[in-house]
Amino acid sequence: MIYLCAFDTDDQIRRREATTEREKLMCSWGYKFEQYLAADTPVSKPNLSVSVNEKEEYCIVLKGRLDKHTLLYSAEVDGKDPLYNNNRDKDPQSTQCYSELKTSRIITTERQHINFCRFKLMKWWLQSFLVGIPKVICGFRDDSGIVRKLEVFPIPEIPRMSRENLIDRKIVVHLVVFLNLLKHT
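FYI, the numbering for the sequence shown is 1 to 185, going by the UniProt record's numbering.
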């Protein structure tokens, strides 16, 4: 059995400590976006009168297989889709009912679009693919933090939007190689 735990690198710690007030504000906009779209229960409305708790998160625990490896892992999820029909899913461990919520600056140039597809979308894909979350809902915001447009990105379509086709298979192969290496070390 292999146990993994993430620790911040020295570089990540330095970057976090050097975060500007503007960067902190932009992070807060993301949490506020989540508050606007998520409620405490599927039938209630979001409570916008309370302050956003940026430390609060909802995690699920999953068991799955990848090649010859049985994996037990946790993942933070942003919300459950109230329109999802639980009756169509017979698997009690299914994560198809969850959605990931993200914000990004409105894209105004071709370069921004390329970077968005290459970096942000792929990061979102990585975060959602192994967990089985089917979609990311993105609020595109202006420089004042106001969301001007919503767009849904189905997870299976994200690799095609990237510059590198089949990136999903490449990443999974690399993960299997990494797990094999850990198992035999």
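We put the beta carbon where it would ideally sit given N, CA and C, even for glycine. The structure displayed is predicted, hence computed values, not measured ones.
Pick from the options that is closest to residue i, judged by C-alpha positions
i    : options               : result
S104 : W124, M1 and S94      : W124
S49  : E57, I60, Y36 and K55 : Y36
For residue i, the three-state DSSP class (helix, strand or coil)
i    : result
H184 : coil
L130 : coil
S51  : coil
L83  : coil
Rounded distance between the beta-carbons of residue j and residue i, thought under 8 Å
i    : j    : result
L62  : Q93  : 7 Å
G139 : L150 : 6 Å
A38  : D78  : 6 Å
Burial state of residue i (16 or more Cβ within 10 Å)
i    : result
P42  : exposed
L66  : exposed
L101 : buried
L121 : buried
Terminal residues of the beta strand (DSSP E) in which residue i lies
i    : result
P154 : V147 to P154
E76  : H69 to V77
8 Å Cβ cutoff, residue i in contact with chain C
i   : result
C97 : No chain C appears in this structure, which consists of one protein chain only.
Residue range of the alpha helix (DSSP H) that includes residue i
i   : result
P25 : The residue you asked about is not Pro; residue 25 is Leu in the sequence shown. Element bounds for L25: E21 to L37.
R15 : D10 to E17
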